[in-house]
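Notes follow once the structure below has been shown.
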Amino acid sequence: NTASSTNTASDSYTSSNTNTDTINLTSSTSEQNTSLESCTSSSTSLFDCEIIPNFINTQNYSSSTPISIPCTKSDFIFSISVATDSDIFVALYNEFNDINTNNYIECQIGIFSNANIIQIGKIFNYNLANINGKTVVKTVSISYVNSDLTIYVNDIAVTSETVPNNFSKIAISPINGVISFNRGSLKCVSSNC
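In the working numbering, the protein residues as written are -6 to 186.
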């Protein structure tokens, strides 16, 4: 499995990490012995079922209800169980206009393409690779701790990058498909992790 991006923007953070080691979100990080679970505070946001359609061949976050990150220091663990027939695109931003002006962090979660990418600004080049159009169910998690943004699929870390802390909202988009999730949570992480 290979993840790559051909975006050549000078300010982009592009990851091609294909780490296949299973990493439980409650286990210790690679740099510290403190578990993420022990770092999480009592501040947990739960959100209900949402269906997000997008039948155009580009990201469209206007159909997604923005998820606010209520954490004081912005360190958090975001997790959802999703059914999707598309790769999943996630935008981390402050105001919706940040997306229009390409001033946000975008993640591609390669459910079908295996392309797992984190970069500043829109991901323009991608291969969705869902030839048969079937829907799969996955648990997708994003942790942001000590400036490291890590994406997990079914508790396996698929990519990680150090990114600036300049976002307070999350939005989700498929491309030419539908994403639905029936449960989700966002836990704040204490600043002493």
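Just so it is clear, CB atoms sit at the ideal spot from N, CA and C, and this is done for glycine as well.
Spatial neighbours of residue i within its chain, please: CB distance less than 8 Å, with the 5 preceding and 5 following residues excluded, ordered by chain position.
i	result
Ile102	Asp80, Ile81, Phe82, Val83, Asn109, Val133, Ile144, Val146 and Val151
Asp4	For Asp4, the pLDDT reaches just 40, beneath the cut-off of 50, and the residue's location in the model is therefore unreliable, although a value from the coordinates is still provided. Ile113 and Gly114, listed in sequence order.
Can residue i and residue j be called in contact, C-beta distance under 9 Å?
i	j	result
Ser61	Ser161	yes
Asp78	Asn120	no
Ile113	Val129	no
Pro63	Ser56	no
Ile172	Ile44	yes
Ser140	Ser38	no
Val182	Lys66	yes
Kindly list the residues whose CB is nearer than 7 Å to the CB of residue i, restricted to its own chain and excluding five residues on each side of it in sequence; keep chain order.
i	result
Leu85	Tyr97, Ile98, Phe160 and Ile163
Asn158	Ser67 and Ser140
Asn175	Cys42 and Ser74
Gly126	Asp78
Spatial neighbours of residue i within its chain, please: CB distance less than 6 Å, with the 5 preceding and 5 following residues excluded, ordered by chain position.
i	result
Ser23	Any reading at Ser23 must be qualified, since the residue scores a pLDDT of 37, below 50, and its modelled position is unreliable; the value itself is stated next. Closer than 6 Å at Cβ, skipping near neighbours: no residue.
Gly170	Asp78 and Ser79
Pro59	Lys162 and Ala164
Which residues share a DSSP beta bridge with residue i?
i	result
Cys42	Answer is none; Cys42 lacks a bridge partner.
Ile168	DSSP lists no partner for Ile168.
Ile163	Ile60 and Leu85
Phe174	Glu43 and Val75
Thr155	Asp141
Between the options, which lies nearest to residue i when the distance is taken from Cα to Cα?
i	options	result
Lys131	Ser166, Ile73 and Pro59	Ile73
Asp91	Arg176, Pro167, Ser166 and Tyr54	Tyr54
Pro167	Ala76, Asp41, Ile149 and Cys42	Ala76
- Unbroken beta strand (DSSP E) runs of length 3 or more, entirely within the stretch 59 to 140: which are they? Contiguous beta strand (DSSP E) elements confined to the stretch 59 to 140 occur at 69 to 77, 81 to 86, 98 to 102, 110 to 113 and 129 to 138, taking only those with 3 or more residues.
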